[in-house]
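Novice: Using numbering that gives the first Met the number 0, read the sequence shown as starting at 0 and increasing by one per residue.
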Amino acid sequence: MAKDAVTFIRVLGLEQVDILSLSMGGLIAQVLAQTEPRLIRRLILAGTGPAGGEGVKNVTRVSRFDTVRALFNLQDPKQLLFFTRTANGRRAGKEFLAHLKERTQDRDKAISLISYFSQLKAIRRWGLAQPQLRHPATRARRQR
């Protein structure tokens with residue numbers, strides 16, 4: 000996917016980009032930063048982790064467990080996957096889920112099970128990978 004992102008950026012004629020990435024997009028952005036460091040001016044990673052990072056390999060197991068648990072409890076899996084089990088977390092999850100339902104036109108299609116399992120497999124491989132070197136710009140900033 001990182002190669003596809005590079006191709007897309009180059010087709011747009013951009014020489015440098017700022018990237019804000021979330022979750023699996025963060026995994027892709029990290030590969031992009033390693034393979035094409037001059038292409039990235041600024042990179043913001045949110046809700047993601049490094050290759051081989053602590054706990055990343057467990058995302059698949061936790062996701063499957065929480066999904067099954069949510070179905071047995073007649074809950075949306077997002078409530079368990081993305082929000083804490085505290086009163087504030089439960090409230091925030093319910094507000095988030097209600098907000099998702101506000102849009103009635105041009106909604107994104109639900110992810111297919113094949114795509115969902117493919118994403119979990121990719122995240123697990125990322126978690127089992129050897130830790131990668133930091134982006135050269137990050138190393139330079141820390142040396143200052």
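Don't be surprised by glycine CBs; every beta carbon is placed ideally from N, CA and C.
(1) Under a CB-based cut-off of 9 Å, is Leu42 close to chain C?
(2) Are there 16 or more other CB atoms within 10 angstroms of the CB of Gln129, so buried, or fewer, so exposed?
(3) Can you give me the C-alpha to C-alpha distance between Gln131 and Gly48, rounded to a whole angstrom?
(4) Is the separation between the beta-carbon of Gln29 and that of Leu44 shorter than 9 Å?
(5) Using the beta-carbon count (16 or more within 10 Å), is Val55 buried or exposed?
(6) Buried or exposed for Leu127, please, with buried defined as at least 16 other CB atoms from any protein chain shown within 10 angstroms of its CB.
(7) Considering Val16, what are the terminal residues of the alpha helix (DSSP H) in which it resides?
(8) Could you pull the DSSP bridge partners for Leu42 from this structure?
(9) If the criterion is Cβ atoms closer than 9 Å, does the pair Phe71 and Phe81 meet it?
(10) So, using beta-carbon positions, are Thr59 and Ile122 closer together than 9 Å?
(11) Taking Pro36 as the reference, which of Ser62, Ile18 and Ala50 has the closest Cα?
(12) Compare the beta carbon distance of Arg63 and Gln78 with 9 Å and say whether it is the shorter of the two.
(13) When the distance is taken between beta carbons, is Ile27 closer than 9 Å to Ala1?
Specialist: According to the structure data:
(1) Considering every chain present, this structure includes no chain C. It has just one protein chain.
(2) exposed
(3) 11 Å
(4) yes
(5) buried
(6) exposed
(7) Here Val16 belongs to no alpha helix (DSSP H); instead the beta strand (DSSP E) covers Val16 to Leu21.
(8) Ile18
(9) no
(10) yes
(11) Ile18
(12) no
(13) yes
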